[in-house]
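Each number in the numbering used here corresponds to the 1-based position in the sequence shown with 1179 added.
All C-beta atoms in this analysis are idealised placements derived from N, C-alpha and C, irrespective of residue type, glycine included.
The model shown is predicted, which means the values in this text are computed figures rather than measured ones.
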Amino acid sequence: MIDKQYMSAASAVTDIPDGASIAVGGFGLSGNPIALIEALLAQGTTDLSVVSNNCGVDDWGLGVLLAARRIRKMTSSYVGENREFERQFLAGELELELTPQGTLAEKLRAGGSGIAAFYTQTGVGTQVAEGGLPRRYAPDGTVAVASPAKDVRRFVVDGVEREFVLEEAITTDFSLVHAWRGDRHGNLVFRKAARNFNPLAAMAGHVCVAQVEELVEPGELDPDLVHLPGVFVHRIVEVGTAIEKRIEKRTVQGGN
């Protein structure tokens, strides 16, 4: 379909079923596809397996789905800003696959590029490679599910033999992303820090749903400025420039 515009966030996510896997863009609260997240919350979708750098905060971003007990598993690199996340994980109510940040980014990019797996030095000599990281706790506080050991091989790079750990790519049923501008063909432009994980999450989803602040006609975007081509985007919905954007931690410097 060439015209990928949907008229509302609700209509764009209406077929996401219970138990779906979803890659979600954002870093902290920057670039969160909040309209799509709230539409998913409103329609009652549950038992979700979510891949995202983090899980928002208690009342914003993916945190609203978590608070409503809609998420079964998170694959993330950072989870430190959400008290409910900590409570659910330690109580054995939530599964967590903790992944180094750069590795998570590459797993998503690889999935979107058709690459099954790759070797990296990140995690060599740690539980990331050797296994044993808690993924789910039992109610009594013992580890119910731990991460498995991964394949480690030695390669010669720049004349030096080093160990590398095998990491499998990530693909998901759907992906939800936020962009600054887009056209009806799905070409997207991200703005500054809100670019973060959004292009990678978009690539990894078999069906990518993008919310954009401004929707323009095909041909209005400078091709040299397009960050993600429309081939990766299947649905696009305009949410307007006035959409709320929260700041995770505001820091100001006072004058003398």
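Report yes if the C-beta distance between Cys1234 and Leu1241 is below 8 angstroms; otherwise report no.
Working through the sequence shown from its first residue, we reach residue 1234 at position 55. Working through the sequence shown from its first residue, we reach residue 1241 at position 62. Against a cut-off of 8 angstroms, the Cβ pair of Leu1241 and Cys1234 comes out as a contact.
Report all residues from its chain with a CB closer than 8 angstroms to the CB of Val1338; omit the five preceding and five following residues, and keep chain order.
Within the sequence shown, the letter at position 159 stands for residue 1338. It is worth fixing the name first, because residue 1338 is Gly in this sequence and not Val. Nothing meets the Cβ criterion.
May I ask you to report which of helix, strand or coil DSSP gives Met1253?
To locate residue 1253, count along the sequence shown from 1; it is residue 74. Strand, per DSSP.
For Pro1318, count neighbouring C-beta atoms within 10 Å of its own C-beta (all shown protein chains included) and say buried if the count is 16 or more, exposed if not.
Your numbering for residue 1318 matches position 139 in the sequence shown. Looking at its Cβ environment, which holds fewer than 16 other Cβ atoms inside 10 Å, Pro1318 is exposed.
Just to confirm the assignment: which complete alpha helix (DSSP H) runs, minimum length 4, are found wholly within the region 1332-1395?
Listed in chain order, they are 1377-1383.
If you count every other CB in all the chains shown that lies within 10 Å of the CB of Ala1419, and 16 or more means buried, which is it?
As a first step, residue 1419 must be located in the sequence shown, where it is residue number 240. Note on identity: in this sequence residue 1419 is Gly, with Ala being the wrong assignment. Flag for Gly1419 reads exposed.
Output the distance between the C-alpha atoms of Pro1313 and Leu1400, rounded to the nearest integer angstrom.
Taking the first residue of the sequence shown as 1, we reach residue 1313 at position 134. Taking the first residue of the sequence shown as 1, we reach residue 1400 at position 221. Looking at the two C-alpha atoms, the distance is approximately 46 angstroms.
Cutting at 6 angstroms between CB atoms, please list the residues of its own chain near Glu1392, excluding the five before and the five after it.
Counting from one through the sequence shown, the residue named residue 1392 turns up at place 213. Trp1359, Thr1420.
Go through its chain and collect everything with a Cβ distance to Phe1334's Cβ below 6 angstroms, but skip five positions before and after it.
Here residue 1334 corresponds to residue number 155 of the sequence shown, with the count starting at 1. Excluding residues within five positions, the ones whose Cβ falls inside 6 angstroms are Phe1343.
Once the 5 residues before and after Lys1183 are set aside, which same chain residues still bring their CB inside 8 angstroms of it?
By one-based count along the sequence shown, residue 1183 stands at place 4. Excluding residues within five positions, the ones whose Cβ falls inside 8 angstroms are Arg1363, His1364, Gly1365, Gly1409, Val1412, His1413, Arg1414, Ile1415.
Short check: CB of Asp1330 to CB of Ala1199, under 8 angstroms?
Residue mapping note: residue 1330 aligns to position 151 of the sequence shown, counting from 1. Residue mapping note: residue 1199 aligns to position 20 of the sequence shown, counting from 1. Cβ distance not < 8 angstroms, so Asp1330 and Ala1199 don't count as in contact.
Can you give, in chain order, each stretch of the beta strand (DSSP E) that sits fully within the region 1268-1321 and has at least 3 residues?
The region 1268-1321 contains these whole beta strand (DSSP E) runs: 1274-1277, 1296-1299, 1313-1316.
For Thr1225, which residues in the same chain have their Cβ closer than 6 angstroms to its Cβ, ignoring the five residues on either side in sequence?
As a first step, residue 1225 is located in the sequence shown; it is residue number 46 there, counting from the start. These residues qualify, in order along the chain: Asp1197, Arg1249.
Got a sec? Which residues, its chain only, sit under 6 angstroms from Ile1126 by beta carbon, not counting five neighbours each side?
This structure cannot settle anything about residue 1126, because the visible part of the chain is limited to 1180 through 1435.
Can you name the start and end residues of the alpha helix (DSSP H) that Val1192 belongs to?
Walking along the sequence shown from the start, residue 1192 turns up at place 13. Val1192 -> alpha helix (DSSP H) spans 1188-1192.
Tell me, which residues are paired with Arg1414 by DSSP?
One-based indexing of the sequence shown puts residue 1414 at position 235. Per DSSP, Val1388.
Mapping the DSSP letters down to three states, classify Ile1201 as helix, strand or coil.
The residue labelled residue 1201 in the question sits at position 22 within the sequence shown. Strand.
Report back the beta-carbon spacing between Leu1355 and Ile1201 to the nearest angstrom; my notes put them in contact at under 8 angstroms.
Here residue 1355 is taken as the residue at index 176 of the sequence shown, counted from 1. Here residue 1201 is taken as the residue at index 22 of the sequence shown, counted from 1. At roughly 6 angstroms, the Cβ-Cβ gap stays under 8 angstroms, so Leu1355 and Ile1201 are in contact.
Check this for me: beta carbons of Val1307 and Pro1327, under 8 angstroms apart or not?
On the sequence shown, position 128 is the one that residue 1307 refers to. On the sequence shown, position 148 is the one that residue 1327 refers to. Contact flag unset, no.
Leaving aside the five residues before and after Thr1321 along the sequence, list all residues of the same chain whose C-beta is less than 6 angstroms from its C-beta, in chain order.
Residue numbering aside, residue 1321 sits at position 142 when the sequence shown is read from its first letter. Hits under 6 angstroms: none found.
Could you say if the region 1264-1275 and the region 1286-1303 meet the contact criterion of at least three C-beta pairs nearer than 8 angstroms?
No, the region 1264-1275 is not in contact with the region 1286-1303.
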